[in-house]
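A short write-up of the structure that comes next.
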Amino acid sequence: MAADKDILKLMHGKDPKEGESRDKTIIKTSIIGIVVNVFLSAFKAVIGLISGSIAIVMDAVNNISDAASSLITIIGTRYAKKPADRKHPFGHGRAEYLSAMIISVLVLYAGITSLVESVKKIISPETPDYSVPSLIIIAVAVVAKVLLGRYFVGVGKKVNSDSLVNSGEDATMDSVISAATLVAAVIFLVFHISVEAYLAAVISVIIIKSGIEMLSETLSRILGERADAQLARDIKETVCSFPEVFGAYDLILHNYGPDSYNGSIHIEIPDTLTADEIDALIRRITGAVYSKLGVILTAITIYSRNTKNTEAARIRDEVYALAMSHDYVMQTHGFYLDEERKIIRFDVLVSFDAPDRRAVYEHIVNDVKNAYPDYTPVVALDTDFSEPEEKEEKA
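Per the numbering used here, the very first residue in the sequence shown carries number 1054; after that it's consecutive.
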């Protein structure tokens, strides 16, 4: 009954209220970030201009960029929650990845700008004028940014928001900048040596590195990454929990935003099931996967297993052993023996680590031909889209 309700959800689309709590959490967290960063930026700008410290002024500029990052996160989150339409039938969830990319670019730009200004100050140094109040405010800023960074990263990981995580990492980097500025001030007051421009340059390089890493990670998500191994295992485990299913293979997942997946999978079932029984089974599997994991299986294709021919089971085991004896073969599945047409068909999964996947495949086909000259092998070379699992045989 529960599966039927989930099938109805799939037919009519997701409940608009689903994900509302996540969106509110992201927006609320971003608003907190805007308020804190604007407050810190105003104080740092005043102190930096009064003391003549380029590091403090650049730190204030960084806080404004952080506030802009939070604003971008809000805009991206609100746009991503727009329902599917004719032009975007899979929704707008990937907008969150675009907002994360923009934040990464802002971090990168801030690092480059800071490096340029630091180099200028190294070439034409100016003597800073630190005061006790300015140092106290900088120290407070360090604590505030550390707490804000940890808060953003924690919430971002909890709700699976790359934008919040990137903003949190940026805030943490800002706390390092502020701490370095504080260290430079202490060194100047004690030893009368100005090192803030050099420290700012080093930190700028670290910020640039962090921006490149964040941008690279976000672009990787947009391009399309391998499915999460645990999610793939959970999907296959759910599918195989049905007694009619001998195994689940060839899982392909397409990501359309955080926690938004559509996919397809192959299942191996007895050759005795009728069309209406297969139809009912597929609908139950689709409902169960959606209910437990929130993944929409848009296609479930089948492998038929011989259950009326005991000789087929023996040949299947021999063929699988023959194929698995080759290096780089990760899995074999989908075996079926067609006695009438004298065909042996199965799929073989060859690792991307193989120097020549096609050569491995051809060796397997030739070995099967030699072992069973009366049969024609029809072998499919599979691609490892998700982490393969050991096949569990069912009685």
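C-beta atoms are modelled at their ideal positions from N, C-alpha and C, and glycine is treated no differently.
Bear in mind the structure is a predicted one, so any value in this text is a computation, not a measurement.
Under the 8 Å Cβ criterion, the region 1297 to 1307 does not count as touching the region 1258 to 1271, having fewer than three qualifying pairs. Ranking Leu1326, Arg1410, Met1383 and Leu1375 by CA distance to the CA of proline 1430 puts Leu1375 first.
Linking glutamine 1384 to threonine 1291 through their CA atoms gives a straight-line distance of about 20 Å. Counted as a single uninterrupted DSSP element, the beta strand (DSSP E) harbouring isoleucine 1320 occupies residues 1314 to 1323. Around the beta-carbon of leucine 1304, 16 or more other beta-carbon atoms lie within 10 Å, marking it buried. If you check the CB distance, leucine 1102 and asparagine 1116 do not come in under 8 Å. The residue from Tyr1309, Arg1337 and Tyr1381 with its alpha-carbon nearest to that of histidine 1141 is Tyr1309. Excluding residues up to 5 positions away in sequence, Thr1385 lie with their Cβ nearer than 7 Å to the Cβ of methionine 1377 in the same chain. Boundaries around alanine 1376 are those of the alpha helix (DSSP H), 1363 to 1377, since no beta strand (DSSP E) includes it.
Here the region 1258 to 1265 makes contact with the region 1222 to 1234; the two share three or more CB pairs at distances below 8 Å.
Taking 4 residues as the minimum length, the alpha helix (DSSP H) runs contained wholly in the region 1275 to 1362 are 1282 to 1293 and 1328 to 1346, in order along the chain. Between the C-alpha atoms of glycine 1209 and leucine 1252 there is a straight-line separation of about 30 Å. Using a Cβ-Cβ distance cut-off of 8 Å, the region 1309 to 1320 and the region 1345 to 1358 are in contact, since at least three pairs of beta carbons, one from each stretch, lie closer than that value. Using a Cβ-Cβ distance cut-off of 8 Å, the region 1138 to 1158 and the region 1230 to 1250 are not in contact, since fewer than three pairs of beta carbons, one from each stretch, lie closer than that value.
Contact check between the region 1363 to 1374 and the region 1333 to 1340: fewer than three CB pairs, one atom from each, fall below 8 Å, which does not count as touching. Arginine 1398: member of the beta strand (DSSP E) spanning 1396 to 1403, first to last residue. Between tyrosine 1381 and the set Ala1424, Ala1098 and Thr1436, the nearest pair of CA atoms involves Thr1436.
The continuous alpha helix (DSSP H) containing histidine 1416 extends over residues 1410 to 1424.
For glycine 1144, there is no enclosing alpha helix (DSSP H), as DSSP marks it with neither H nor E. DSSP places aspartate 1380 outside any beta strand (DSSP E), giving it a letter other than H or E.
Pairwise C-beta distances place the region 1162 to 1180 out of contact with the region 1271 to 1288, as fewer than three of them are shorter than 8 Å.
Spanning the alpha carbons of isoleucine 1175 and alanine 1250 requires a straight line of approximately 6 Å. Relative to leucine 1284, the option among Phe1438, Ser1404 and Phe1143 whose CA is nearest is Phe1438. Under a 10 Å Cβ-count criterion, aspartate 1119 is classified as buried, with 16 or more other Cβ atoms of the shown protein chains found around its own Cβ.
Taking C-alpha positions only, arginine 1358 is separated from valine 1160 by approximately 55 Å.
By the neighbour-count definition (other C-beta atoms within 10 Å, threshold 16), lysine 1097 is a buried residue. Take the alpha-carbon of glycine 1129 and the one of serine 1216: they are about 9 Å apart.
Here tyrosine 1389 carries a strand assignment [DSSP, helix/strand/coil].
Ranked by how close their Cα comes to the Cα of isoleucine 1189, the residues Ser1214, Asn1213 and Ser1231 have Ser1231 in first place. In the three-state reduction of the DSSP assignment, valine 1432 falls in the strand class.
Asparagine 1090 is classed as buried because its beta carbon has at least 16 other beta carbons within 10 Å across all chains shown.
Rounded to whole angstroms, the gap between the alpha carbons of glycine 1387 and proline 1136 is 38 Å.
In this structure, the alpha-carbon of valine 1372 lies about 9 Å from that of aspartate 1420. Inter-residue distance for serine 1152 and isoleucine 1125 is about 6 Å (C-alpha atoms, whole angstroms).
About 11 Å separates the beta carbon of glycine 1221 from that of valine 1199, a gap too long to meet the 8 Å contact definition. Non-local C-beta neighbours of alanine 1194 in its own chain, meaning closer than 6 Å and more than five positions away in sequence, comprise Leu1093 and Ser1231, ordered along the chain.
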